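Numbering-wise (the working numbering), the sequence shown opens with residue 33 and increments by one.
Notes to accompany the following structure.
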Amino acid sequence: ARLAAGAGVRAALMVSRASSLGQASLGDFLAVADHLNLTGSPLFPATQCVDASWDEDLTNAVSRIDGVRGAGVAALVPGPVRPSRSEVTLMSGLGADAVVMDGVAEAMALAARGVRVAGLAYVDHVAEAHAAAPARRPGRRAAAPSQEASVTHRPAPDVVRAAVETVLATLR
33 ARLAAGAGVR AALMVSRASS LGQASLGDFL AVADHLNLTG SPLFPATQCV
83 DASWDEDLTN AVSRIDGVRG AGVAALVPGP VRPSRSEVTL MSGLGADAVV
133 MDGVAEAMAL AARGVRVAGL AYVDHVAEAH AAAPARRPGR RAAAPSQEAS
183 VTHRPAPDVV RAAVETVLAT LR
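Set out below in structure tokens:
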């Protein structure tokens, strides 16, 4: 991140695999609007507190790409084990839409150095909660099921290419 920011990188797109926590379907893409760090450790070494976040304008632009379900919250876990049913229930209750195992630390290290960052999570697994888990309130989550009708499943490389082009277009 230090080298990239020092070399003049102005924006970055982080793409990672994700487990859906119930709203997104297999093959969906979610734009990462925010995250929960559930790793139990700092995302990157720092000597003081830093402000770092996903770039809102880039996230909004990426979330409107044909083939992206919308924006959501990603829970970062250490991996490589997918979340258990109890963890799915917990993370859903905290407001997460998907679980990722990478990309967040790198994105926040870049953002802390002034690089505009957007994230794109590809759902390659749908996690299941306990059957007794409370029902989710419609519209509460970032990637609400009401958007499902408007999601077009495009080939993953096409969606990623469109996201890269969208990020590059913001730099002009």
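Every residue gets a Cβ at the ideal spot worked out from N, C-alpha and C, and that includes glycine.
Small disclaimer: the values here were computed from a predicted structure and weren't measured.
Buried or exposed for residue i, please, with buried defined as at least 16 other CB atoms from any protein chain shown within 10 angstroms of its CB.
{"i": "Glu-119", "result": "buried"}
{"i": "Ser-48", "result": "buried"}
{"i": "Ala-33", "result": "buried"}
{"i": "Arg-148", "result": "buried"}
{"i": "Gln-32", "result": "What is shown of the chain runs 33 to 204, which leaves residue 32 out entirely."}
{"i": "Ala-78", "result": "exposed"}
{"i": "Arg-42", "result": "exposed"}
{"i": "Arg-114", "result": "exposed"}
{"i": "Val-82", "result": "exposed"}
{"i": "Ala-201", "result": "exposed"}
{"i": "Asp-129", "result": "buried"}
{"i": "Gly-206", "result": "The structure shown does not extend to residue 206, since the chain is modelled only from 33 to 204, so the question has no answer here."}
{"i": "Asp-60", "result": "buried"}
So residue i is in the alpha helix (DSSP H); what residue range does that whole segment cover?
{"i": "Val-132", "result": "Counting along the chain, Val-132 falls outside any alpha helix (DSSP H), though it belongs to the beta strand (DSSP E) covering 130-132."}
{"i": "Ala-137", "result": "136-143"}
{"i": "Leu-90", "result": "88-95"}
Reducing DSSP to helix, strand and coil, say where residue i ends up.
{"i": "Val-155", "result": "strand"}
{"i": "Val-120", "result": "helix"}
{"i": "Gln-83", "result": "A small correction: the amino acid at residue 83 is Asp; Gln does not occupy that position in the sequence shown. Reduced to three states, the DSSP call for Asp-83 is coil."}
{"i": "Gly-40", "result": "coil"}
{"i": "Val-192", "result": "helix"}
{"i": "Val-113", "result": "coil"}
{"i": "Arg-186", "result": "coil"}
{"i": "Arg-204", "result": "coil"}
{"i": "Val-147", "result": "coil"}
{"i": "Glu-180", "result": "Unreliable placement is indicated for Glu-180, whose pLDDT of 49 sits below 50; no coordinate value is reported for it."}
{"i": "Leu-75", "result": "coil"}
Could you check where the beta strand (DSSP E) with residue i kicks off and where it finishes?
{"i": "Ser-52", "result": "43-52"}
{"i": "Gly-104", "result": "100-108"}
{"i": "Arg-64", "result": "Checking the sequence shown, residue 64 turns out to be Val, not Arg. Residues 61-69."}
Kindly indicate which residue of the options has the alpha-carbon position closest to the one of residue i.
{"i": "Leu-68", "options": "Ala-201, Val-41, Leu-122 and Arg-42", "result": "Leu-122"}
{"i": "Ala-161", "options": "Ser-51, Asn-92, Val-196 and Ser-116", "result": "Ser-116"}
{"i": "Gly-111", "options": "Ala-195, Asn-92, Ser-51 and Val-105", "result": "Ser-51"}
{"i": "Met-140", "options": "Glu-88, Asp-60, Ala-84 and Val-192", "result": "Ala-84"}
{"i": "Gly-102", "options": "Pro-189, His-185, Leu-200 and Asp-134", "result": "His-185"}
{"i": "Ala-150", "options": "Ala-128, Glu-88 and Asp-134", "result": "Glu-88"}
{"i": "Leu-126", "options": "Gly-104, Met-133 and Val-136", "result": "Gly-104"}
Sufficient close CB pairs (3 or more, under 8 Å) joining the region 92-104 to the region 67-83: no
- prompt: Looking at C-beta atoms only, is the number of pairs between the region 54-72 and the region 142-159 that lie closer than 8 Å three or more?
  reply: yes
- prompt: Does the region 138-147 come close enough to the region 35-51 that 3 or more CB-CB pairs lie under 8 Å?
  reply: yes
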